[in-house]
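In this text, residue positions in the sequence shown follow our numbering: the first is 189, and each later residue adds one.
Ideal placement from N, C-alpha and C gives every residue a C-beta, glycine not left out.
Please read the structure below before turning to the comments.
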Amino acid sequence: MTIDLPLQAPSAAGLAWNVTPNAEARSEAEREAILADPGFGNHFTDHMVDLCWSEKGGWHRPRVSPYGPIELDPAAAVLHYAQEVFEGLKAYRHADGSIHTFRPYENAARLQRSAHRLALPELPVEYFIDSLRQLVAVDGAWVPTADETSLYLRPFMFAKEAFLGVRPAKKVAYYLIASPAGAYFPGGVEPVNIWLSTQYARAGRGGTGAAKTGGNYASSLLPQAEAYEKGCQQVLFLNEGDRLEELGGMNVVLVRKDGTLVTPESDSILEGITLASILRLAADRGHQVEQRPVTLTEWREGAASGDIVGAFACGTAAVVVPIGRLLAEDFEIVHSGPAAQELALSLRAELTGIQYGRVEDRHGWMLRLDA
Ligand SMILES: *Cc1c(COP(=O)(O)O)cnc(C)c1O
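In structure tokens form, the structure reads like this:
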């Protein structure tokens, strides 16, 4: 298979990408078979993008290469001390065939904030955007066309220096890989049940909760397994003083009877781009939006008095999903009324409408990647 790209072409960001086409790229028929039912995170495109960083040389060696294993020294710091950060965003196919992504400058800025917290170098925003363009230039055919499908983009950065002393690594790698994603809810969006974890926390004050780093996910796996045992799909974490935090990978929003949306604020919550966008769309519609500390007691009492009529979770993968039930060791909150669910679904429809080019992008959130 040949890929129509000049080798070593200087890009808009000024990087001279070294492009090695994948001689074993999947055929169109193989690709189409995967895209017909991609699932999530199972399949990867034919190429990957990477850049190196060293203390002496800064960011260098921009490459587009065949997708494949990474060679790492067994002493690479990431394998021992988890100095790693990542991002997650999607490429969407519009009706005219063009390929777009959603608020990538926010992801670029968040990757820098996460990197700062993990003592990793900050990738320049333009390099981040350029990496997305490079991958789409070679693997654009992997962006599926069916409703609610996308190409999930996974940028990540890790300490690759071989050194067992504990200090920030002097050699770091940035990679971008991509994985076609099917519709998250093929049978329509269903409310989820959430398990309240009281034994475990995902983050503490001053910790890494606000950074998108693998360690937060590692520590959520055991409580997540507990959630499954209790018949729940997700787990809700609390912080000190019974304050609501978030789910393992999604932010939470409570819906009050008067339409006010309330989302917890704390310096250990990951600042979701989906959350910010949903709150913005709601505010545009005239909803009051409150971002402030919220306690579990407030949710319980509000649900009991009828002031809080529902809740939903949001994040890039699932977009928006209503919460039907919060289950705890010794109580539960049930939100079965339609009002909050309908609001969540209508905000979801507006946001996905923008992402797929069906609804006017009045905030200028979309960026075309294939031109
Ligand atoms: C990525 C992530 C989210 C959601 O962020 P989006 O930008 O909306 O995808 C929420 N919580 C955690 C812990 C995350 O890692």
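C-alpha distance - residue i paired with residue j, whole-angstrom precision
i       : j       : result
Ile-542 : Asn-230 : 26 Å
Val-450 : Ala-470 : 11 Å
Ile-317 : Ala-296 : 7 Å
Ala-325 : Glu-336 : 22 Å
Gly-202 : Phe-344 : 21 Å
Ser-456 : Leu-424 : 14 Å
Phe-346 : Tyr-269 : 10 Å
His-304 : Pro-356 : 11 Å
Ser-253 : Asp-234 : 9 Å
Leu-223 : Arg-281 : 13 Å
Met-189 : Ile-287 : Note that Met-189 has pLDDT 41, beneath the 50 cutoff, so the model's placement of it is unreliable and no number is given.
Gly-419 : Gly-525 : 21 Å
Trp-241 : Lys-358 : 8 Å
Leu-308 : Asp-446 : 44 Å
Ala-501 : Pro-332 : 25 Å
Leu-299 : Glu-314 : 12 Å
Thr-289 : Glu-378 : 26 Å
Ile-521 : Gln-421 : 15 Å
Gly-285 : Gly-494 : 46 Å
Ile-191 : Pro-209 : Only weak support is given to the placement of Ile-191: the predicted model assigns it a pLDDT of 47, under 50, and the value that follows is read from those uncertain coordinates. Ile-191 and Pro-209: Cα-Cα distance of roughly 6 Å.
Ala-499 : Ala-264 : 42 Å
Candidates the options: closest to residue i by CA position
i       : options                               : result
Glu-530 : Gly-545, Val-508 and Arg-431          : Val-508
Gly-328 : Val-450, Pro-368, Val-482 and Phe-373 : Pro-368
Ile-626 : Ala-361, Arg-301, Pro-309 and Ala-532 : Not covered by the structure: residue 626. The range shown for the chain is 189 to 559.
Thr-448 : Arg-468, Gln-421 and Ala-366          : Arg-468
Arg-556 : Arg-291, Ala-350 and Gly-498          : Arg-291
Gly-256 : Ala-263, Pro-356, Asp-238 and Gly-419 : Asp-238
His-551 : Asp-472, Leu-424, Phe-519 and Glu-486 : Asp-472
Ala-398 : Gln-476, Leu-311, Leu-435 and Asn-206 : Leu-435
Gly-370 : Ala-307, Lys-278 and Ser-302          : Lys-278
Glu-349 : Leu-409, Tyr-315 and Leu-267          : Leu-267
Gly-394 : Leu-341, Ser-454 and Cys-420          : Ser-454
Leu-426 : Asp-446, Gly-494, Ser-242 and Ala-389 : Ala-389
Ser-302 : Gln-422, Arg-444 and Lys-400          : Lys-400
Ile-496 : His-523, Met-554 and Thr-289          : His-523
Val-440 : Glu-218, Ala-492, Glu-314 and Val-477 : Val-477
Ser-534 : Ile-466, Trp-553, Ala-491 and Asp-558 : Ile-466
Ser-338 : Tyr-416, Asp-225 and Arg-214          : Asp-225
Trp-561 : Glu-310, Leu-442 and Tyr-293          : Since the first residue shown for the chain is 189 and the last is 559, residue 561 is missing from the structure and cannot be characterised.
Gly-227 : Glu-243, Arg-342, Ala-204 and Phe-373 : Phe-373
Local conformation of residue i per DSSP, three classes
i       : result
Gln-300 : helix
Ala-399 : coil
Glu-294 : helix
Asn-404 : helix
Pro-510 : strand
Pro-312 : coil
Val-354 : coil
Pro-411 : helix
Ile-317 : helix
His-551 : coil
Trp-487 : helix
Leu-424 : strand
Tyr-544 : coil
Glu-434 : strand
His-282 : coil
Leu-364 : strand
Asp-518 : coil
Leu-463 : helix
Pro-608 : Given a span of 189 to 559 for the chain in the structure shown, any question on residue 608 remains unanswerable.
Trp-247 : strand
His-475 : coil
Trp-205 : coil
Arg-219 : helix
Leu-539 : helix
Ser-253 : strand
Tyr-564 : This structure cannot speak to residue 564, because the chain is shown only from 189 to 559.
Ala-559 : coil
Ser-242 : strand
Ser-444 : Here the sequence assigns Arg to residue 444, which means Ser is not the residue at that position. Correct three-state label for Arg-444: strand.
Gly-328 : helix
Val-377 : coil
Arg-468 : helix
Asp-225 : coil
Ala-334 : coil
Residue i at chain E interface by Cβ criterion, 9 Å
i       : result
Asp-472 : Here there is only one protein chain, and chain E is not present.
Cβ-heavy atom distance, residue i to ligand 3, below 8 Å
i       : result
Leu-515 : Within the structure as shown, ligand 3 is missing, the only ligands being ligand 1.
Inset, instruction - Would you check if there are 3 or more beta carbon pairs closer than 8 Å linking the stretch 507-527 to the stretch 377-395? - result: When Cβ pairs closer than 8 Å are counted between the two stretches, the stretch 507-527 is seen to touch the stretch 377-395, the count reaching three or more.
Inset, instruction - May I ask you to verify whether the stretch 494-508 touches the stretch 462-475, counting CB pairs closer than 8 Å and requiring at least 3? - result: Proximity of the stretch 494-508 to the stretch 462-475 meets the contact definition, three or more beta-carbon pairs being nearer than 8 Å.
Inset, instruction - Report yes or no: do three or more beta-carbon pairs, one from the stretch 345-363 and one from the stretch 403-414, lie closer than 8 Å? - result: no
Legend entry - Touch test, the stretch 272-286 against the stretch 241-255, Cβ-Cβ under 8 Å, three pairs minimum: no
Legend entry - Cβ pair count under 8 Å reaching 3, the stretch 430-444 against the stretch 474-486: yes
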